[in-house]
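Everything on this sheet refers to the single structure shown next.
Number of protein chains: 2
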Amino acid sequence: MRVPQGMTDPLPRRQIYRLPRAQRVADIMLTARAVFREKGYNDAVIAEIAERAGVVEGTIYRYFAGKRDLLIKVVEHWYEEMLTDYDRQLEGIRGTWNRLRFMIWRHLTVIHDDPAMCRLIFNELRSGPEYRETAVFELNREYTNRTLAIVQDAMDSGEFRTGIPLRIVRDMIYGGVEHHIWAFLRGEGNFSPDESADAITDIIHRGLVRPGAVIDRGEQVIRRLEELAERLERASGQTQRLQNASGVATEISRTTGKASC
Amino acid sequence: MRVPQGMTDPLPRRQIYRLPRAQRVADIMLTARAVFREKGYNDAVIAEIAERAGVVEGTIYRYFAGKRDLLIKVVEHWYEEMLTDYDRQLEGIRGTWNRLRFMIWRHLTVIHDDPAMCRLIFNELRSGPEYRETAVFELNREYTNRTLAIVQDAMDSGEFRTGIPLRIVRDMIYGGVEHHIWAFLRGEGNFSPDESADAITDIIHRGLVRPGAVIDRGEQVIRRLEELAERLERASGQTQRLQNASGVATEISRTTGKASC
DNA sequence: TGGACATGATGAGTAACGCTCATTAATTTT
DNA sequence: AAAATTAATGAGCGTTACTCATCATGTCCA
Chain A
1430 MRVPQGMTDP LPRRQIYRLP RAQRVADIML TARAVFREKG YNDAVIAEIA ERAGVVEGTI
1490 YRYFAGKRDL LIKVVEHWYE EMLTDYDRQL EGIRGTWNRL RFMIWRHLTV IHDDPAMCRL
1550 IFNELRSGPE YRETAVFELN REYTNRTLAI VQDAMDSGEF RTGIPLRIVR DMIYGGVEHH
1610 IWAFLRGEGN FSPDESADAI TDIIHRGLVR PGAVIDRGEQ VIRRLEELAE RLERASGQTQ
1670 RLQNASGVAT EISRTTGKAS C
Chain G
1430 MRVPQGMTDP LPRRQIYRLP RAQRVADIML TARAVFREKG YNDAVIAEIA ERAGVVEGTI
1490 YRYFAGKRDL LIKVVEHWYE EMLTDYDRQL EGIRGTWNRL RFMIWRHLTV IHDDPAMCRL
1550 IFNELRSGPE YRETAVFELN REYTNRTLAI VQDAMDSGEF RTGIPLRIVR DMIYGGVEHH
1610 IWAFLRGEGN FSPDESADAI TDIIHRGLVR PGAVIDRGEQ VIRRLEELAE RLERASGQTQ
1670 RLQNASGVAT EISRTTGKAS C
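Residue numbers (our numbering), protein chains in the order written: chain A, 1430 to 1690; chain G, 1430 to 1690.
Following this line, the structure appears as structure tokens:
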């Protein structure tokens, strides 16, 4: 037998609070961020986000096109927040090595401070087919371009040698960092942003910097021999070329020997 | 009105073929590989794999613990296949630069030849929590260790400076490659394994090689000329020339050695 | 003050999908 | 030929992202 239809408790539905759109969106995004952080994208459940945000599932779909859209918005918001003050900090740093080091260190530090969020970006967001339409993509582009500008400046001034595509430099830096922090992102082990930044900057810098002001004669000879070898390799298949190349090598090496030191 | 229960067609169930376990597993894995390649992990549907393999969903779960397990088995199989002949190829290459270049080039080539499969590894498999228990993880370890052994050898011989953690070198190489091929994996644009390998090897090598001042210049010249000789030998494809090339190298080294400081 | 209106919020319902298991039938053993 | 074994089936279940008809609340205006 049920409770008779008295005045009391005809509708067990709880009080509904209506909030302005902006407030609701902010609430949901904050909760979603927390849940995504804790569970990752796949294991995060919309129902839980809804409950913790104090709404019902349908409400979320009123403001977000779907789970994926929610992820994107959450990450974009975090990313924009994260990039604040970036340029101002960089402005205060002089010297190619220091500036490069700062960019690398900053990147490492962001990851170190919020691995869960970075995991979302690296593992989930960036795999998706819509990544290029994302604000994160565009912001990231600008961000890495700032690093490349440092390299370009150094090339222009003669400090770095030219001929290395900037794209490769970018890949080595950011790819290297990413690979480096991979285990940490998975919760295995730790790393020091300072030490890692030193090591990575070191390799990159040495890989790009022009050898000592005076290029000795030996270096010149070797370079020309190497170019020659490349040409021979490309045109290889002909045995008779080898003979020739060896002959040339011998001849030049004599010069080198004399001129080195 | 239904068909009366005559002798004809009482069970519309099709003929069931029972295959030996190994055969079934192979069939399913082959089909699964195709579907995963076409759709990616998330969009691949077990029902489709079953249908295309000529079985029913339940059959797949008889041989695989779940969708994830199926992915892992499929990728492991591909990976093992892919690593065949690896060591034998490397054995035939001399000189630090060339050996490094080969490792990088090989990696790039694998990706270039089967991007869909690599996408599965990079985006899906490696994100999962069970990656470290995977055979792919272990194989990958060995694979990268071979690269690090090359670097270590160069450090031992004095060709590379020491003090840079090998881990960082590994990160720069493999992270750099990965970042480099990212757009390609997403189906945006292309890349040349040859050119990319040259550029990446170049930065890494220069980043690690000991500056001329420390090691004596003559030694450096000799080493690089020796590498040159090796390259020329390979380019010619003639074994008998080896004698000749070695002779030249020796001769040069004598000259250089005398002249160096 | 009260009724109309716009819209925030609800929650029951749907489709898709991974996965399970009792049942069926092909194959082997006795 | 019967019994035992086990590959294979397919109906069904639980979960989860997502939809939509309905309801409730705050606002505006007569």
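Using N, Cα and C, we set each Cβ at its ideal position, and we do this for glycine too.
Grab the span of the alpha helix (DSSP H) containing Leu-1499/A for me, first residue to last.
Translated into the one-based positions of the first sequence, residue 1499/A becomes position 70. 1496 to 1511 is the span of the alpha helix (DSSP H), which, as asked, contains Leu-1499/A.
Is Asp-1498/A near the ligand ATP, judged by its Cβ being under 8 Å from some heavy atom?
Annotation note on the ligand ATP: not contained in the displayed structure, which lists no ligands.
What does the alpha-carbon distance come out to for the pair Asn-1574/G and Asp-1631/A?
Taking the second sequence and counting its residues from 1, one reaches residue 1574/G at position 145. Taking the first sequence and counting its residues from 1, one reaches residue 1631/A at position 202. Distance between the alpha carbons of Asn-1574/G and Asp-1631/A: 22 Å.
With DSSP as the reference, label Val-1539/A as helix, strand or coil.
Looking up residue 1539/A in the first sequence gives position 110. The answer is helix: DSSP assigns Val-1539/A an H, G or I state.
Contacts around Gln-1669/G, its chain only, beta-carbon distance under 7 Å, and the 5 residues preceding and following it disregarded:
Translated into the one-based positions of the second sequence, residue 1669/G becomes position 240. Residue placement at Gln-1669/G cannot be trusted, given a pLDDT of 41 that sits under 50; what the coordinates show is reported in the next sentence. Around Gln-1669/G: no qualifying Cβ.
Is any beta-carbon of chain G found at less than 9 Å from that of Asn-1527/A?
Within the first sequence, residue 1527/A is the residue found at index 98, counting from 1. Cβ-Cβ to chain G under 9 Å: no for Asn-1527/A.
Would you please verify whether the beta carbon of Glu-1553/A is less than 9 Å from any beta carbon of chain G?
Here residue 1553/A corresponds to residue number 124 of the first sequence, with the count starting at 1. Answer yes: the Cβ-Cβ gap between Glu-1553/A and chain G drops below 9 Å somewhere.
Flag this pair as touching only if the stretch 1560 to 1578 of chain A and the stretch 1498 to 1513 of chain A have three or more C-beta atom pairs under 8 Å; answer yes or no.
A contact exists between the stretch 1560 to 1578 of chain A and the stretch 1498 to 1513 of chain A.
Is the CB-CB distance between Thr-1525/G and Glu-1588/G below 9 Å?
By 1-based counting over the second sequence, the position of residue 1525/G is 96. By 1-based counting over the second sequence, the position of residue 1588/G is 159. The Cβ atoms of Thr-1525/G and Glu-1588/G lie closer than 9 Å to each other.
Supposed contact pair Leu-1537/A and Val-1580/A - C-beta distance, whole angstroms, cut 8 Å
Here residue 1580/A is taken as the residue at index 151 of the first sequence, counted from 1. Here residue 1537/A is taken as the residue at index 108 of the first sequence, counted from 1. Separation of the CB atoms of Val-1580/A and Leu-1537/A is rounded to 18 Å, and the pair is thereby denied contact status at 8 Å.
When the Cα of Arg-1548/G is compared with those of Glu-1624/G, Tyr-1492/G, Ile-1610/G, Ile-1602/G, which residue comes out closest?
Translated into positions along the second sequence, residue 1548/G becomes position 119. Comparing Cα positions, the closest option is Ile-1610/G.
Could you work out which residue in Pro-1449/G, Ala-1461/G, Arg-1466/G, Asp-1516/G is closest to Leu-1568/G when comparing CA atoms only?
Translated into the one-based positions of the second sequence, residue 1568/G becomes position 139. The shortest Cα separation from Leu-1568/G among Pro-1449/G, Ala-1461/G, Arg-1466/G, Asp-1516/G belongs to Asp-1516/G.
Would Gly-1636/G pass as an interface residue toward chain A - the criterion being a Cβ-Cβ separation below 9 Å?
Position 207 of the second sequence, counted from the start, is the residue given in the question as residue 1636/G. Contact with chain A is found for Gly-1636/G, since one of that chain's Cβ atoms lies less than 9 Å from the residue's Cβ.
What residues from chain G crowd round Glu-1607/A, counting only those whose CB sits closer than 7 Å?
Start at 1 with the first residue of the first sequence, and residue 1607/A comes out as number 178. Residues of chain G passing the Cβ test: Gly-1604, His-1608.
Minimum C-alpha distance to Pro-1544/A - residue among Lys-1468/A, Ile-1633/A, Gln-1444/A:
Within the first sequence, numbered from 1, the residue matching residue 1544/A stands at position 115. Comparing Cα-Cα distances from Pro-1544/A to each of Lys-1468/A, Ile-1633/A, Gln-1444/A, the minimum goes to Lys-1468/A.
Which residues bound the alpha helix (DSSP H) around Met-1584/A?
Sequence index remark: in the first sequence, residue 1584/A carries index 155 (1-based). Segment 1564 to 1585, the alpha helix (DSSP H) holding Met-1584/A.
Pairwise C-alpha distance: Phe-1620/A and Arg-1639/G:
Position 210 of the second sequence holds residue 1639/G. Position 191 of the first sequence holds residue 1620/A. Arg-1639/G and Phe-1620/A have their C-alpha atoms spaced approximately 27 Å apart.
To which residues of the same chain is Asp-1456/A closer than 7 Å at the C-beta, ignoring the five residues directly before and after it?
Here residue 1456/A corresponds to residue number 27 of the first sequence, with the count starting at 1. The beta carbon of Asp-1456/A is closer than 7 Å to those of Ala-1482 in its chain, skipping five residues each way along the sequence.
Whole-angstrom distance between Ala-1473/A and Met-1458/A, CA atom to CA atom
One-based indexing of the first sequence puts residue 1458/A at position 29. One-based indexing of the first sequence puts residue 1473/A at position 44. If I take the Cα positions, the gap works out to 13 Å.
Let me confirm a value: Ala-1583/A is counted as buried when at least 16 other C-beta atoms fall within 10 Å, else exposed. Which label applies?
Residue mapping note: residue 1583/A aligns to position 154 of the first sequence, counting from 1. The residue is buried, with at least 16 neighbouring Cβ atoms inside 10 Å.
In three-state DSSP terms, what is Val-1474/G?
Position 45 of the second sequence, counted from the first residue, corresponds to residue 1474/G. Under the three-state reduction of DSSP output, Val-1474/G falls in the coil class, being neither helix nor strand.
Tell me Val-1638/A's beta-bridge partners as DSSP assigns them.
The count along the first sequence starts at 1 and reaches residue 1638/A at position 209. Listed as beta-bridge partners of Val-1638/A by DSSP are Phe-1589/A.
Looking only at its chain, what residues have a beta carbon closer than 6 Å to the beta carbon of Ala-1461/G, apart from the 5 residues adjacent to it on each side?
Start at 1 with the first residue of the second sequence, and residue 1461/G comes out as number 32. Same-chain partners within the cutoff: Ile-1478, Leu-1499, Val-1503.
What in chain G is Cβ-close to Asp-1543/A, meaning under 9 Å?
Indexing the first sequence from 1 puts residue 1543/A at position 114. Those within 9 Å of Asp-1543/A in chain G number zero; the least Cβ separation is about 17 Å.
Any C-beta of chain G under 9 Å from that of Glu-1562/A
Taking the first residue of the first sequence as position 1, residue 1562/A is located at position 133. By this cut-off, Glu-1562/A is not an interface position.
Compute the beta-carbon to beta-carbon distance between Leu-1577/G and Leu-1595/G, rounded to the nearest angstrom, for a pair I have assumed lies under 8 Å.
As a position in the second sequence, residue 1577/G is number 148, starting the count at 1. As a position in the second sequence, residue 1595/G is number 166, starting the count at 1. The C-beta distance from Leu-1577/G to Leu-1595/G rounds to 5 Å, short enough to meet the 8 Å contact threshold.
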